[in-house]
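Here is the structure we will look at, set down as structure tokens.
2 protein chains.
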Amino acid sequence: MVSIKDVAKLASVSIATVSRYVADPASIREHNRERVEQAIASTGYAPNSLAQNFRRGRTGVIMVVIPNVGDPFFTDVMRGIARVAEEKHYSILIRETEMNTLSFDEYNDIVLSKRADGIVLLASICPVTPPRNRPEDRRSAPVILSCENVTEELAQLPSVRIDNVAAAEEATDYLIKLGHEKIAFISGIATSTLTADREKGYRNAMARANLELRPEWVQEGSLSLGGARRATRKLLNGVYLPSAIFCANDEMAMGTLHEIKVAGLRVPEDISVIGFDDVRYAEITDPPLTTIAQPAEEIGERTLQRLIRAIEGRDIGSTAEIVPHQLVVRRSTTSPAD
Amino acid sequence: MVSIKDVAKLASVSIATVSRYVADPASIREHNRERVEQAIASTGYAPNSLAQNFRRGRTGVIMVVIPNVGDPFFTDVMRGIARVAEEKHYSILIRETEMNTLSFDEYNDIVLSKRADGIVLLASICPVTPPRNRPEDRRSAPVILSCENVTEELAQLPSVRIDNVAAAEEATDYLIKLGHEKIAFISGIATSTLTADREKGYRNAMARANLELRPEWVQEGSLSLGGARRATRKLLNGVYLPSAIFCANDEMAMGTLHEIKVAGLRVPEDISVIGFDDVRYAEITDPPLTTIAQPAEEIGERTLQRLIRAIEGRDIGSTAEIVPHQLVVRRSTTSPAD
DNA sequence: CGATATTTTGTAAACGATTACAGTATCGTG
DNA sequence: CACGATACTGTAATCGTTTACAAAATATCG
Numbered sequence: 000m001v002s003i004k005d006v007a008k009l010a011s012v013s014i015a016t017v018s019r020y021v022a023d024p025a026s027i028r029e030h031n032r033e034r035v036e037q038a039i040a041s042t043g044y045a046p047n048s049l050a051q052n053f054r055r056g057r058t059g060v061i062m063v064v065i066p067n068v069g070d071p072f073f074t075d076v077m078r079g080i081a082r083v084a085e086e087k088h089y090s091i092l093i094r095e096t097e098m099n100t101l102s103f104d105e106y107n108d109i110v111l112s113k114r115a116d117g118i119v120l121l122a123s124i125c126p127v128t129p130p131r132n133r134p135e136d137r138r139s140a141p142v143i144l145s146c147e148n149v150t151e152e153l154a155q156l157p158s159v160r161i162d163n164v165a166a167a168e169e170a171t172d173y174l175i176k177l178g179h180e181k182i183a184f185i186s187g188i189a190t191s192t193l194t195a196d197r198e199k200g201y202r203n204a205m206a207r208a209n210l211e212l213r214p215e216w217v218q219e220g221s222l223s224l225g226g227a228r229r230a231t232r233k234l235l236n237g238v239y240l241p242s243a244i245f246c247a248n249d250e251m252a253m254g255t256l257h258e259i260k261v262a263g264l265r266v267p268e269d270i271s272v273i274g275f276d277d278v279r280y281a282e283i284t285d286p287p288l289t290t291i292a293q294p295a296e297e298i299g300e301r302t303l304q305r306l307i308r309a310i311e312g313r314d315i316g317s318t319a320e321i322v323p324h325q326l327v328v329r330r331s332t333t334s335p336a337d
Numbered sequence: 000m001v002s003i004k005d006v007a008k009l010a011s012v013s014i015a016t017v018s019r020y021v022a023d024p025a026s027i028r029e030h031n032r033e034r035v036e037q038a039i040a041s042t043g044y045a046p047n048s049l050a051q052n053f054r055r056g057r058t059g060v061i062m063v064v065i066p067n068v069g070d071p072f073f074t075d076v077m078r079g080i081a082r083v084a085e086e087k088h089y090s091i092l093i094r095e096t097e098m099n100t101l102s103f104d105e106y107n108d109i110v111l112s113k114r115a116d117g118i119v120l121l122a123s124i125c126p127v128t129p130p131r132n133r134p135e136d137r138r139s140a141p142v143i144l145s146c147e148n149v150t151e152e153l154a155q156l157p158s159v160r161i162d163n164v165a166a167a168e169e170a171t172d173y174l175i176k177l178g179h180e181k182i183a184f185i186s187g188i189a190t191s192t193l194t195a196d197r198e199k200g201y202r203n204a205m206a207r208a209n210l211e212l213r214p215e216w217v218q219e220g221s222l223s224l225g226g227a228r229r230a231t232r233k234l235l236n237g238v239y240l241p242s243a244i245f246c247a248n249d250e251m252a253m254g255t256l257h258e259i260k261v262a263g264l265r266v267p268e269d270i271s272v273i274g275f276d277d278v279r280y281a282e283i284t285d286p287p288l289t290t291i292a293q294p295a296e297e298i299g300e301r302t303l304q305r306l307i308r309a310i311e312g313r314d315i316g317s318t319a320e321i322v323p324h325q326l327v328v329r330r331s332t333t334s335p336a337d
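Quick look at the structure:
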């Protein structure tokens, strides 16, 4: 491995001069610049970023904790994150978590052992041991939540997201406005606040409209295709058939659409379906999916911009930055038949 | 930041002892172990991985270059990669590339400046300057191709993948066996060898069956939903309507299915569609998609296992490790009407 | 018990960059 | 030309670990 020393020797200058050349070629005298340039060219020298990072005390890495790298919504958010990361010369380290949580121990380890300059959580952080209870908690790395809300147990963390409660209310209200009264909800996973917020919105809207909410109309779909399919089959085989199903994300809505058709029912004539996220597939499902659109890439971009500001030592507060959502009406919803 | 020195001082031992404790607690004497444990606990010490990596000359990072993080096939491969990475204590650095290629300059930079211990290419590497022509090319980091084949310009690189040519032949043969003669192909992007191989398989099969291959039956779909939709519209609006369309991946097949239905035609009665990859959505499209299944996660796992062997200094050769594919017949294909 | 083998520990030198500080060259000006 | 101001360069310390080597402590055995 060729190091700065080899270049210095070859160019007959000190290592400091080479270092300065790398940082800013204009800062050294013409005469030396030529020799250093030549030495670098002939040795093929490139600064060892391991040494640079060590010396500078920074990793240049942003860790992104994501519940499911396969979900098209999350990958859109990631694309926004990646765009800003590249622009600001950070790399993205992906950490997929089962169960949607990053254990606090792992969080702590990442921070203490300097494996990342900052963390974006698309998942929640598991509040086993809140930061404040640990010794030396001043050393915490910048963290920001994308999409997720915070659990009450944790200190308020900054976030960038839509208002999930309001958006879910809006989706439910739309079904109610169409005349639906028997509306089922397929939820995500228990540990996800995002899911909880959407369920809250659904319950709020049902309560406000004075609609009966049968317990068996809320089914867990684990935010996955398979989970939603199982949940849908339960709904279809139940005693009280809903006339509309609200799925907590589009991935699940795709599974729901399929199972309804497999059961020999039609969407939307027999059952209306509404999703959440407006992933790229929502436009091409059969029928195209009515859903709540979120500006996924923008959420990713804003999240990382804010995180980087924090990494640079500026104050970003701990507020939730709310971005707008929008109901997108396609053809998977209509008024109930009866 | 608390360092090994602080711990050593507090425990009244040398830093070497602390270091040894961290590497293997059993290697130090009971008496000292207790003191060190206590000192670590009370200071909240964690080894600085920046310093460790620097000292050890390794990053603990595998870079994964991926053309499109949103494609469900690639995310499945990534999941396999991630599983092995976690097991072997590597982190995954994602680098998404437009146009499917990593420029050689960037590759070189990653290697020379030690930003990753190894590279997995789900994309191709752009052969602007083949490694062999550069000075000091001995320093190349381990690279392995997943899915992709190699271009002839580049030295042979190790890879793990299916036999794309054979698989595409098999898909085309299946359509031919069903009685189709007017078979169109929606290809990926020009820079992708994966795409080229599948097109070759299609052409082979057509030639072997003595079927006419009209130039307008091969359309570029850029491996994306939108690209496939445009390509499909061209096929449907053309003078010679095909009776079957073979899409180079499932993502595109989903777009194709949609556009055929939008045009008022039925799948498979009017047009059969066959995809490639068997992503999780293939089962729930309408109708469910006939496709070629690849063991995506297994490909990812094997790729990384082999790469890690190379990183550890063992010889992995430069052969293509071929894993089996399989035709999965669902309901998007049938015999032509006429 | 003493000699030797074994285990455990400490000292100090790396790793490759950045940078404070001091020293040297260059320049401008009177 | 002398002088100070300015621009550039070199020396050496530093970041936090790991580890070769030597030294010290302990164990083993006749």
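The listed protein sequences correspond, in order, to chains C and H.
Going by numbering that gives the first Met the number 0, the first residue of the first sequence is number 0, and it counts up by one from there.
Going by numbering that gives the first Met the number 0, the first residue of the second sequence is number 0, and it counts up by one from there.
Backbone N, C-alpha and C fix where the C-beta goes; we use that ideal spot for every residue, glycine too.
Note that the coordinates shown come from a computational prediction; the quantities given were computed from them, not determined experimentally.
I'd like to check one pair, residue 288/H with residue 299/H: are the Cβ atoms closer than 8 Å?
no
Could you check what DSSP says for residue 315/H in three-state terms: helix, strand or coil?
coil
So, is the C-beta of residue 290/C closer than 8 Å to a C-beta in chain H?
no
Please confirm if residue 88/H has its CB atom under 8 Å from at least one CB of chain C.
no
Contacts of residue 248/C in chain H (Cβ-Cβ under 8 Å)
What residue 248/C touches in chain H: nothing, since even the nearest Cβ is about 14 Å away.
Measuring only from the beta carbon, is residue 59/H closer than 7 Å to any heavy atom that is part of the ligand SAH?
Absence of the ligand SAH from the depicted structure is noted, as is the absence of any ligand whatsoever, leaving it without description.
Helix or strand or just coil, what does DSSP make of residue 117/H?
strand
Distance check for residue 324/H and residue 95/C, CA to CA, integer angstroms please.
27 Å
Counting only beta-carbon atoms, is residue 114/H nearer than 8 Å to chain C?
yes
Is there a C-beta anywhere in chain C that falls below 8 Å from the one on residue 24/H?
no
Is residue 324/H close to chain C? Criterion is C-beta to C-beta, closer than 8 Å.
no
Report the option in 97/H, 254/H, 242/H whose CA atom is closest to the CA atom of residue 269/H.
242/H
Give me the residue from 282/C, 55/C, 13/C, 228/C with the minimum Cα distance to residue 35/C.
13/C
Can you grab the Cα-Cα spacing for the pair residue 71/C / residue 285/C, in whole Å?
18 Å
Output yes or no for whether 8 Å exceeds the beta carbon distance between residue 52/C and residue 92/H.
no
Cα-Cα separation between residue 145/C and residue 81/C, rounded to whole angstroms
14 Å
Measuring only the C-alpha atoms, how far is residue 264/C from residue 215/C?
20 Å
Hey, is residue 128/H's beta-carbon within less than 8 Å of any beta-carbon in chain C?
The predicted model places residue 128/H with a pLDDT of 41, which falls under 50 and marks its position as unreliable; any figure quoted below should be read in that light. Not an interface residue.
Rounded distance between the beta-carbons of residue 173/C and residue 326/C, thought under 8 Å
6 Å
Give me the Cβ distance between residue 171/H and residue 271/H, rounded to the nearest whole Å; I'm assuming they're in contact under 8 Å.
So it is not a contact: roughly 12 Å between Cβ atoms.
Taking residue 400/C as the reference, give the member of 175/C, 230/C, 61/C with the closest Cα.
Residue 400/C lies beyond the residue range present for chain C, which begins at 0 and ends at 337; the question has no answer from this structure.
Below 8 Å between beta carbons: does that hold for residue 197/H and residue 163/H?
yes
So for residue 336/C, helix, strand or coil by DSSP?
coil
Check whether the Cβ atoms of residue 320/H and residue 142/H sit closer than 8 Å, and answer yes or no.
no
Would you say residue 108/H faces chain C, with C-beta separation under 8 Å as the test?
yes
Inter-residue spacing [alpha-carbon to alpha-carbon] between residue 199/C and residue 191/C:
12 Å
At what residue ranges does the stretch 3 to 90 of chain C contain a whole run of the beta strand (DSSP E), taking only runs of 3 or more?
60 to 65
Taking the beta carbon of residue 137/H as the centre, do at least 16 other beta carbons fall within 10 Å, making it buried, or is it exposed?
Residue confidence is low: residue 137/H scores 39 on pLDDT, short of 50, so the model does not pin down where it sits. Its coordinate-derived value is still stated next. The residue is exposed, with fewer than 16 neighbouring Cβ atoms inside 10 Å.
Taking the beta strand (DSSP E) that residue 325/H belongs to, which residues open and close that run?
325 to 327
Cβ closer than 8 Å: which chain H residues qualify as neighbours of residue 68/C?
68, 74, 77, 78, 81
Which bits of chain C does residue 280/H rub up against, with CB to CB less than 8 Å?
224, 253, 280
To the nearest angstrom, report how far apart residue 186/C and residue 301/C are at their CA atoms.
27 Å
Can you find the residues in the same chain that come closer than 6 Å, C-beta to C-beta, to residue 167/C, ignoring five residues on each side of it along the sequence?
197, 200, 201
With a threshold of 8 Å between beta-carbons, can residue 120/H be considered close to chain C, or not?
no
Would the stretch 309 to 318 of chain C count as touching the stretch 104 to 114 of chain C if we require 3 or more Cβ pairs under 8 Å?
no
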